[in-house]
Amino acid sequence: MGNCGAMEILRELKEKCETPNGKLRQIANAMKDEMQAGLASEGGSELKMLVSYVDNLPTGDECGVFYGLDVGGTNFRVLRVQLGGKEGRVVKQEFMEVSIPPNLMVGTSDQLFDFIADELAKFVGTEGEGEGEGEGEGEGEGGKKRELGFTFSFPVKQTSINSGTLMRWTKGFSIADAVGRDVVMELTKAMERKGLDMRVAALVNDTIGTLAAGKYLNVNNGGGDVVAAVILGTGTNAAYVERVDAIPKYAQEGIAQSEEMVINMEWGSFTSSHLPITEYDQALDAESLNPGDHVFEKIISGMYLGEIVRRVLRRMAEEAAFFGDVVPPKLKIPFILTTPEVSAMHHDSSPDLKVVANKLKDTLEISSTSLETRKAVIELCSIVATRGARLSAAAILGILKKLGRDKVIKEGDDEQKTTVIAVDGGLFEHYSEFRHSLETTLQQLLGKEVSSRVLIKHANDGSGIGAALLAASHSQYNHINI
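Per numbering that gives the first Met the number 0, residue 0 is the first one in the sequence shown, and the count goes up by one each step.
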């Protein structure tokens with residue numbers, strides 16, 4: 000079997016991936032420093048620290064019917080929520096999911112946005128069904144114009160709460176004439192062509208949507224201050240609420256209307272000499288579409304954990320005959336091993352580790368593995384996932400340090416409010432070993448007293464409902480006394 004050599008490769012990996020609490024504190028401090036540098040000036044840090052222009056998070060008082068549009072991949076969703084204020088909260092929620100035809104992903108801007116507007120118009124046409132007459136595509140309730148929150152998860156240079164220029168496409172989209180254009184204007188023109196009278200009240204990304212959803216759903220649900228949102232899924236990002244006077248680059252614009260502002264960190268780009276980077280990570284990065292970029296994302300997010308495990312398994316097979324004399328051909332295919340498969344193997348608690356055996360057989364066509372081999376595979380999954388989870392916890396600690404919420408503050412007899420971090424994404428939701436490791440690591444780093452006042456809350460489907468909630472909190476009718 001050559002397992003001695005394989006165990007040596009595993010032992011080396013474990014050593015290089017180690018994240019003692021002291022190192023994690025250094026990473027948290029580095030994150031805090033990079034945050035400050037990114038807030039001070041454009042290009043001041045690897046962290047973009049983008050001003051989102053969201054200065055009005057939902058309070059829980061919002062009333063009425065609002066729409067959300069979530070475009071971030073090969074599918075998009077349209078969502079309608081009926082908000083009933085403090086008492087009613089979310090009275091009703093409906094949504095529709097639509098696949099984008101592949102030809103529209105590489106066509107023209109008009110073709111894509113016309114398709115989206117067409118589907119949106121159909122969905123709007125169902126408003127009020129089952130409650131008397133549908134209101135169709137004309138005005139919303141009380142003669143008001145319908146309002147929409149637009150989650151657009153592609154790189155955008157935001158220019159106001161409801162405008163932003165597309166910088167480039169990702170995820171298989173390539174529509175040249177849309178680059179450099181305002182995506183809200185493109186959507187608005189398409190809606191006008193369809194006779195759909197609707198106003199885009201807010202343009203946001205999925206992380207900010209999660210922050211809005213977390214804040215709204217938490218108002219009457221255990222209280223606490225929702226100060227940040229983190230996405231841990233295929234990719235990773237964070238957004239948080241910052242004081243306007245702590246954003247020098249925004250103050251230079253001289254347009255602050257509020258004391259607080261949501262910052263989109265784009266933390267996947269974080270880098271620090273303290274990060275435990277291995278030769279597997281370096282090789283993965285060098286062969287990626289964006290070498291040297293999003294280094295942090297490449298060691299903690301769902302897109303990459305399975306690929307890191309594959310690269311280590313391949314080396315164990317090639318240098319230590321881990322799977323016998325022949326290197327399994329499938330093991331040479333990049334990204335063939337996904338993070339959900341790694342998660343399934345990591346969670347295998349059957350006596351003979353049947354799940355591991357089946358995954359190796361079905362995905363990599365490796366049959367007849369010994370129990371010893373399967374145990375080593377679980378150990379490998381654990382090393383890679385634990386590093387990702389613990390680094391995620393350190394990054395969250397960095398945000399808490401920046402906000403001064405990493406210690407107990409006693410102001411007179413007032414009890415400090417609980418600090419809430421809203422988290423969404425498949426990695427956090429479905430990979431329970433990852434989630435458990437993140438939560439226990441954060442507790443260790445904060446200490447017993449502080450961690451009792453810091454809560455990680457799952458904000459399920461934040462990006463969809465969050466967009467509609469931000470349309471409500473940025474409604475043009477908010478300041479009209481009715």
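Glycine included, each C-beta is placed from N, C-alpha and C at the ideal position.
Nothing here was measured: the structure is a model prediction, and the numbers come from that model.
Is the Cβ-Cβ distance between residue i and residue j less than 8 Å?
{"i": "ALA466", "j": "GLY67", "result": "yes"}
{"i": "LEU202", "j": "ASN161", "result": "yes"}
{"i": "ILE234", "j": "SER300", "result": "The sequence shown places Gly at residue 234, rather than the Ile named in the question. In contact: GLY234 and SER300 (Cβ atoms closer than 8 Å)."}
{"i": "VAL64", "j": "GLU126", "result": "yes"}
{"i": "LEU12", "j": "THR277", "result": "yes"}
{"i": "PHE151", "j": "VAL70", "result": "yes"}
{"i": "LEU402", "j": "VAL229", "result": "no"}
{"i": "VAL354", "j": "VAL376", "result": "no"}
{"i": "ASN236", "j": "GLU265", "result": "yes"}
{"i": "VAL97", "j": "PHE149", "result": "no"}
{"i": "GLY397", "j": "MET34", "result": "yes"}
{"i": "GLU61", "j": "GLY84", "result": "yes"}
{"i": "ALA458", "j": "VAL422", "result": "yes"}
{"i": "THR18", "j": "PRO275", "result": "yes"}
{"i": "ARG389", "j": "SER436", "result": "yes"}
{"i": "ASP181", "j": "GLY163", "result": "yes"}
{"i": "ALA504", "j": "LEU195", "result": "Absent from the model: residue 504. The displayed extent of the chain is 0 to 481, so no value can be given."}
{"i": "LEU304", "j": "LEU23", "result": "no"}
{"i": "GLY213", "j": "LYS456", "result": "yes"}
Would you mind working out which of the options sits nearest residue i, comparing C-alpha positions?
{"i": "TRP168", "options": "VAL105, GLY127, LYS144, GLY194", "result": "VAL105"}
{"i": "LEU441", "options": "ALA392, GLN25, ALA421", "result": "ALA392"}
{"i": "ARG192", "options": "ALA120, GLU296, GLN415", "result": "ALA120"}
{"i": "GLY223", "options": "ALA237, HIS457, ARG452, HIS473", "result": "ARG452"}
{"i": "ASP361", "options": "PHE94, LYS329, LEU402", "result": "LYS329"}
{"i": "LEU352", "options": "THR277, LEU210, GLU378", "result": "GLU378"}
{"i": "LYS400", "options": "MET30, GLU14, ILE8", "result": "MET30"}
{"i": "GLY179", "options": "LEU165, LYS214, PHE75", "result": "LEU165"}
{"i": "GLU428", "options": "GLY148, MET197, LEU231", "result": "LEU231"}
{"i": "GLN415", "options": "ARG404, HIS473, PRO100, LEU46", "result": "ARG404"}
{"i": "LEU336", "options": "ALA319, ILE365, ASN217", "result": "ILE365"}
{"i": "ASN20", "options": "HIS273, ALA116, GLY59, GLY213", "result": "HIS273"}
{"i": "CYS16", "options": "ILE298, GLY425, MET302", "result": "ILE298"}
{"i": "MET302", "options": "GLU318, LEU283, ALA319", "result": "LEU283"}
{"i": "GLN92", "options": "LEU103, VAL77, ASP324", "result": "VAL77"}
{"i": "VAL308", "options": "PRO57, ALA177, TYR279, ASP196", "result": "TYR279"}
{"i": "GLY267", "options": "ALA285, MET184, LYS47", "result": "LYS47"}
{"i": "ALA211", "options": "ASP196, MET260, ASP32, GLN25", "result": "MET260"}
{"i": "GLY124", "options": "THR418, ARG310, ARG145", "result": "ARG145"}
{"i": "PRO247", "options": "TYR215, GLU41, LEU454", "result": "GLU41"}
{"i": "GLY59", "options": "TYR476, GLN475, LEU468", "result": "LEU468"}
{"i": "HIS345", "options": "ILE332, LEU359, PHE334", "result": "LEU359"}
Across which residues does DSSP place residue i in a beta bridge pair?
{"i": "SER159", "result": "SER162"}
{"i": "LYS456", "result": "ALA421"}
{"i": "THR150", "result": "ASP69, VAL203"}
{"i": "ASP181", "result": "THR164"}
{"i": "GLN256", "result": "Bridge partners of GLN256: none, in fact."}
{"i": "GLU96", "result": "ARG76"}
{"i": "TYR239", "result": "ALA227, ILE262"}
{"i": "LYS15", "result": "Answer is none; LYS15 lacks a bridge partner."}
{"i": "CYS62", "result": "GLY83"}
{"i": "MET197", "result": "ARG145"}
{"i": "LYS91", "result": "GLN81"}
{"i": "VAL50", "result": "ILE262"}
With 8 Å as the threshold, decide whether the Cβ of residue i is near any Cβ in chain C.
{"i": "ASP284", "result": "Looking at the structure shown, chain C is missing, and only one protein chain is on hand."}
First and last residue of the beta strand (DSSP E) that includes residue i?
{"i": "ASP224", "result": "224-231"}
{"i": "ARG76", "result": "74-83"}
Counting along the chain, where does the alpha helix (DSSP H) carrying residue i start and finish?
{"i": "MET315", "result": "301-319"}
{"i": "LEU119", "result": "108-123"}
{"i": "VAL482", "result": "As shown, the chain starts at 0 and ends at 481. That puts residue 482 outside it, with no answer to give."}
{"i": "GLU432", "result": "431-445"}
{"i": "ASP244", "result": "Neither: ASP244 is in no alpha helix (DSSP H) and is coded neither H nor E."}
{"i": "GLU33", "result": "20-39"}
{"i": "HIS345", "result": "338-345"}
{"i": "ALA470", "result": "461-472"}
{"i": "ASN357", "result": "353-363"}
{"i": "GLN475", "result": "Element bounds for GLN475: n/a, residue is neither H nor E."}
{"i": "LEU288", "result": "Segment: none, LEU288 is in no alpha helix (DSSP H) and carries neither H nor E."}
Are there any heavy atoms of the ligand SAM lying less than 7 Å away from the beta-carbon of residue i, as far as the coordinates show?
{"i": "TYR430", "result": "Although the ligand SAM was asked about, the structure shown includes no ligands whatsoever."}
contact_flag[the region 102-113, the region 184-194] where n(CB pairs < 8 Å) is 3 or more: yes
contact_flag[the region 81-92, the region 234-244] where n(CB pairs < 8 Å) is 3 or more: no
The region 340-348 in contact with the region 310-318 per 3-pair CB rule at 8 Å: no
Three CB pairs or more closer than 8 Å across the region 454-465 and the region 194-210: yes
Stretch-stretch touch, CB-based, cutoff 8 Å, three pairs: the region 383-399 with the region 426-437: yes
Stretch-stretch touch, CB-based, cutoff 8 Å, three pairs: the region 49-65 with the region 142-158: yes
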